[in-house]
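Below is one structure, written out as structure tokens; the observations come after it.
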Amino acid sequence: MALYQSAQFVDTWTDPEFDKIHPPRTVAPHSGIYRCVGCGVEIAVSEGHLLPPAHAHPHRLGTREAWQMVVYADHRPKLV
Ligand SMILES: [Zn+2]
């Protein structure tokens, strides 16, 4: 489970990009936190970088190894 301290910096958003499942070793379409759908391990990946290859983390045997974005990192500047 991804954690945060200050709710003011995180918002709930509905977008189909959060529903997509990405196979191991494919390009991350967005920067953010990705979660393995089989075991729940979370990783941070920058946009354009490869998601981890298969068997790169202690994965639960018998479950699907693939990645789903759970937190999107918004790179746009904001008023602070
Ligand atoms: Zn896993």
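Our numbering applies: residue 2 is where the sequence shown begins, and numbers increase by one.
Note that CB positions come from ideal geometry on N, CA and C, so glycine has one too.
Item to complete: Grab me the residues of residue 3's own chain with a C-beta within less than 7 Å of its C-beta, minus the 5 sequence neighbours each way, in chain order.
Response: 34, 43, 71, 72
Worksheet entry | Between the CA atoms of residue 50 and residue 75 - distance to the nearest angstrom | 16 Å
Discussion item. Rounded to whole angstroms, what is the Cα-Cα separation between residue 25 and residue 46?
Written reply: Near 12 Å, if we compare the C-alpha coordinates of residue 46 and residue 25.
Worksheet item: Between residue 63 and residue 40, what straight-line distance do the alpha-carbon atoms span, to the nearest angstrom?
Response: Rounded to the nearest angstrom, the two C-alpha atoms are 10 Å apart.
Discussion item. Given 7 Å as the limit, tell me if residue 39 has its C-beta closer than that to any heavy atom belonging to ligand 1.
Written reply: Residue 39 Cβ: within cutoff of ligand 1.
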